[in-house]
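What follows is a single structure, written as structure tokens, with notes after it.
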Amino acid sequence: MGIEDAIGVSYEALVVVIKIAFPTLVVTTAIGLAVTLFQSVTQINDSTLQQNLKMAATYAVLFVTVPAIIMALRDFALVIFDRIAHLH
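Read in order, the letters of the sequence shown are residues 20 to 107 in my numbering.
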């Protein structure tokens, strides 16, 4: 296994991590932006409002995307195991 292979595996692992984390990050960021805008317009300074909504949104997104996360991790693990099996 050369340096090119190691860089390729690292790149693929990074892509899998981005695929897994992206939906949750986007939804949480959008909720945070919307709640911050709402709080600035209404002058409500309650930090628990934003925290609770972000937590609920994160749980909801994870509940919906868990099958895709499991499939992405399984596929990546199978590729890695296949590469390990073909090492000389």
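Ideal Cβ placement from N, Cα and C applies to all residues, glycine included.
Just to confirm, is the Cβ distance from residue i to residue j under 7 Å?
{"i": "residue 46", "j": "residue 83", "result": "no"}
{"i": "residue 38", "j": "residue 91", "result": "yes"}
{"i": "residue 35", "j": "residue 95", "result": "yes"}
{"i": "residue 73", "j": "residue 50", "result": "yes"}
Residue i: buried (16+ other C-beta within 10 angstroms of its C-beta) or exposed?
{"i": "residue 54", "result": "buried"}
Does residue i come out as helix, strand or coil in the three-state DSSP assignment?
{"i": "residue 106", "result": "coil"}
{"i": "residue 62", "result": "coil"}
{"i": "residue 21", "result": "coil"}
Assuming residue i contacts residue j (C-beta within less than 8 Å), just tell me the rounded distance between them.
{"i": "residue 64", "j": "residue 70", "result": "At roughly 13 Å, the Cβ-Cβ gap does not stay under 8 Å, so residue 64 and residue 70 are not in contact."}
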